[in-house]
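Some notes on the structure that comes next.
2 protein chains.
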Amino acid sequence: MLGHGSGGKLSAALMREVFLPAFGNPVLNLLNDQAVVERPPGRLAITTDSFVVKPLFFPGGDIGSLAIHGTVNDLAVGGARPLYISAAFILEEGFEIAALRRIADSMAAAARACGVLIVTGDTKVVDRGKGDGVFINTTGIGAAPEGLELSAGGARPGDKVVLSGYIGDHGIAILSSREGLEFESRVESDSAPLHTLVETMLAATGRIRVMRDPTRGGVSSALNEIAAQSQVGMEIEESAIPVRPAVRGACEMLGLDPLYVANEGKLIAIVAPEDAEKLVAAMRSHPLGQEARIIGTVTSAHPGMVVERTAYGTTRVVDMLAGDQLPRIC
Amino acid sequence: MLGHGSGGKLSAALMREVFLPAFGNPVLNLLNDQAVVERPPGRLAITTDSFVVKPLFFPGGDIGSLAIHGTVNDLAVGGARPLYISAAFILEEGFEIAALRRIADSMAAAARACGVLIVTGDTKVVDRGKGDGVFINTTGIGAAPEGLELSAGGARPGDKVVLSGYIGDHGIAILSSREGLEFESRVESDSAPLHTLVETMLAATGRIRVMRDPTRGGVSSALNEIAAQSQVGMEIEESAIPVRPAVRGACEMLGLDPLYVANEGKLIAIVAPEDAEKLVAAMRSHPLGQEARIIGTVTSAHPGMVVERTAYGTTRVVDMLAGDQLPRIC
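Residue numbers (my numbering), protein chains in the order written: chain A, 792 to 1121; chain B, 792 to 1121.
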């Protein structure tokens, strides 16, 4: 009901009956307007994301676990250790408490698994027809080591482009579940927290220039952003990019290019060439990096442009996503 | 368009044409998935709020300035110095870029005036009819001094309840603008950043136990929360609580109690009795505390309950807001 967002008795009941049982911890339990925590070592990393994924529950996850993983990953690819998360809910009047509880429980489980604390939150309710069930904002705070510089502007010609695994799983899982499509085999979202994979990677080499998790807009957007920010070109090999047969089949049927499809448990790293093999070997020792491989090279030619060498030996420009191929994917 | 939220070219254009011109600063301009900043001294204060106020523009402010003030105030009432803010937008397909630009400019101006940096952000777009123009989440990070304990559980019998000024302005401004009501004189929202008032207060006395900004649910909810958390009672004097004639008139006409109406530029402080007068004097020296006064006393009687002595000498229980008196007020 609208009253659940009004700051009165119903808001307090929602806190007591749904959020505290799921998220409760010594900081949140104080119920102050702000959480006060010990400051972490190093510099602060801050990231924010709103989640509007549709449907709310999908193969391999739900909006709650996705919100935690997405925020943990945005911190992790900056080299930061995820520590604290805020959780803000915008509910549509009429949304079922049982579904909200299921989502909160999923968020709480994901946060526990990642070792992050949900320290503060907010709930608003909008009238029926002015929202869509639930939207969730998670803002994350992490500890970024002093001296570690990972920035989209850091790629240099000669660097290698490393990808951690199969692409397109999340986007196809959402799309097939949204449209009720059936493929030969069910595709599950790859939604997963990447912070321990990143730890493994940073321990293996000090020569990673940039990391990105290729979510909205897929691998193509992530590479294009890095190419633009670093003023370098990129050449990637189609044959090197792992795509599951079911995802490839779905993409062919739907007219999608897997390079543009969202991922929620993959990362791209740009690394100095001399450490690329070492990095891939380290990644393969981690459950989330078993399919890691070098997919391309940073070039001084065609700055700002990403070019793919196809399986047929031709090349094509991999531009940024122009339109709205897959709305509300996260 | 939906494509503005898809992470591709349109998202980049929105960033380049709307958000960077408004918010641009050396941290945000890096366009990484996370902002990395120097850690502040002391402990970290973290707060989050989503803003779904309707209408988006109202007398005395708009959703953009409100989002900054609300988050600055949630940090300030914890005694923290506001430093960094994240800004996440959920747009409804079809929302006008011109209105978004106006809101972003207003947020940027408010942030500059408060001395806080918008360091990271996010934009999502939902289909027409699944949102309502724009919702904004702001998450704030501040520096909380070591040793300062301001918690809703800190009120003690004998303490005085101090209020910083006129109540009900924000709620009545929103309601009159939403419903197209005309009163004798126009009521403007009191939306304002309270961090410098709080600095003045903390400099005047080390004996403030709790501060709250009485937003949703008004003064009554804030006092009830403190009474419940501290396991104390409260007695407040109706005659001591400042309400503008226009707000009082509007409340009478609409059947509202000003104690339940939202404020966005006021605060309540619970302070040791020996420092109450000194605190009020200090507050009155600040433009946002000119009408500050003692409005009541913390009691050991009736723990968890707030009682008001009316102008007629009778007493009544001031309970928490039960329903949805004023939805979407912030």
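Ideal Cβ placement from N, Cα and C applies to all residues, glycine included.
**Q.** Extent of the continuous beta strand (DSSP E) to which Asp-840 of chain A belongs
**A.** 834-842
Q.
Give me, in chain order, the residues of the same chain whose beta-carbon lies closer than 7 Å to that of Tyr-1051 of chain A; leave out the 5 immediate sequence neighbours on both sides.
A. Gly-1008, Gly-1009, Ser-1011, Leu-1112, Gln-1116
Q. Going along the segment 825-854 of chain B in order, which residues come within less than 9 Å of chain A, judged by CB to CB distance?
A. Gln-825, Ala-826, Val-827, Val-828, Glu-829, Arg-830, Pro-831, Pro-832, Gly-833, Arg-834, Leu-835, Ala-836, Ile-837, Thr-838, Thr-839, Asp-840, Ser-841, Phe-842, Val-843, Lys-845
**Q.** Rounded straight-line distance, which links the Cα of Leu-821 of chain A to that of Ala-1031 of chain B
**A.** Taking the straight line from one Cα to the other gives about 30 Å.
Q: Give every residue of the same chain whose Cβ lies closer than 7 Å to the Cβ of Ser-1122 of chain B, excluding the five residues on either side of it in the sequence, and list them in chain order.
A: Outside the shown range of chain B, which is 792 to 1121, sits residue 1122 of chain B, and nothing can be said about it.
Q) Do you know how far the Cα of Arg-1084 of chain B is from the Cα of Thr-862 of chain B? A) 24 Å
Q) Which residues, in order along the segment 797-827 of chain A, keep a beta-carbon less than 8 Å from a beta-carbon of chain B? A) Residues of the segment 797-827 of chain A that bring their beta carbon within less than 8 Å of a beta carbon in chain B comprise Ser-797, Gly-798, Gly-799, Lys-800, Leu-801, Ser-802, Ala-803, Leu-821, Leu-822, Asn-823, Asp-824, Gln-825, Ala-826, Val-827, in sequence order.
Q.
List, from N- to C-terminal side, the alpha helix (DSSP H) runs of 4 residues or more that fit wholly inside the segment 918-1000 of chain B.
A. 960-970, 986-995
Q) Are Pro-1118 of chain A and Ser-797 of chain B touching if we call contact CB-CB under 8 Å? A) yes
Q) What are the boundary residues of the beta strand (DSSP E) that Leu-882 of chain A is part of? A) 872-883
Q) DSSP puts Leu-908 of chain B in a beta bridge; with which residues? A) B:Tyr-875
Q | Closer than 8 Å at the beta carbon, the chain A residues around Arg-1003 of chain B | A | Asp-824
Q) Taking the C-alpha atoms as reference points, what is the distance between Asn-823 of chain A and Asp-1110 of chain A? A) 47 Å
Q.
With H, G and I counted as helix, E and B as strand and the rest as coil, what does DSSP make of Phe-814 of chain B?
A. helix
Q: State the start and end residues of the unbroken alpha helix (DSSP H) segment that holds Ile-1017 of chain A.
A: Element bounds for Ile-1017 of chain A: 1009-1021.
Q) Looking at the structure shown, is Gly-1087 of chain B part of a helix, part of a strand, or coil, going by DSSP? A) strand
Q: Below 8 Å between beta carbons is the criterion; list the residues of the segment 867-884 of chain A that meet it against any residue of chain B, in chain order.
A: Val-868, Gly-869, Ala-871, Tyr-875, Ser-877, Ala-878, Ala-879, Phe-880, Ile-881
Q | Per-residue contacts from Gly-912 of chain A into chain B (C-beta, under 8 Å) | A | Thr-839
**Q.** Residue range of the unbroken alpha helix (DSSP H) whose run includes Glu-1029 of chain B
**A.** Run containing Glu-1029 of chain B: none; DSSP gives neither H nor E here.
Q. So which residues on chain B does Ala-935 of chain A lean against when the C-beta distance must stay under 7 Å?
A. Val-827
Q) Quick one: any contact between the segment 830-840 of chain A and the segment 864-871 of chain A, if contact means 3 or more CB pairs under 8 Å? A) yes
Q | Buried/exposed call for Gly-912 of chain B, threshold 16 Cβ in 10 Å | A | Buried.
Q) What does Arg-1127 of chain A touch in chain B if you count any residue whose Cβ is under 9 Å from its own? A) Summary: the structure shown does not reach residue 1127 of chain A, with chain A confined to residues 792 through 1121, and so no result is reported for it.
Q: Give the interface partners of Thr-1006 of chain A over in chain B, defined as CB-CB distance under 8 Å, in chain order.
A: Gly-798
Q. For Asn-928 of chain A, which residues of its own chain have a beta-carbon under 6 Å away from its beta-carbon, when the five flanking residues on both sides are left out?
A. Answer for Asn-928 of chain A: Ser-841, Ala-879, listed in chain order.
**Q.** Listed by chain order, chain B residues near Gln-1020 of chain A by CB distance under 9 Å
**A.** Leu-821, Leu-822, Asn-823
**Q.** Backbone CA spacing between Cys-905 of chain B and Glu-1029 of chain A [nearest angstrom]
**A.** One alpha carbon belongs to Cys-905 of chain B, the other to Glu-1029 of chain A, and they sit about 50 Å apart.
Q. Does Asp-950 of chain B come within less than 8 Å of chain A when only Cβ atoms are used?
A. no
**Q.** Chain-ordered neighbours of Thr-987 of chain B on chain A, where CB pairs are closer than 8 Å
**A.** Result: empty, since nearest Cβ-Cβ is about 17 Å, beyond 8 Å.
Q) Going by other Cβ atoms of all chains shown within 10 Å of its Cβ, with 16 needed for buried, is Met-1044 of chain A buried or exposed? A) It is exposed - the Cβ of Met-1044 of chain A has fewer than 16 other Cβ atoms within 10 Å.
Q: Between the Cα of Ser-968 of chain A and those of A:Gly-815, A:Pro-846, A:Lys-1069, spot the shortest distance and give me the residue it belongs to.
A: Selected option, being the one with the closest Cα: A:Pro-846.
Q: State the CB to CB distance for the pair Gly-922 of chain A and Lys-921 of chain B, rounded to an integer number of angstroms; the pair is presumed to be in contact (CB under 8 Å).
A: 7 Å
Q: Can you give me the start and stop residues for the beta strand (DSSP E) that Thr-1106 of chain A sits inside?
A: 1106-1108
Q | Where Glu-1043 of chain B falls: helix, strand or coil (DSSP) | A | helix
Q. Looking at C-alpha atoms only, which residue of A:Val-828, A:Gln-825, A:Ser-897 is the closest neighbour of Val-809 of chain A?
A. A:Ser-897
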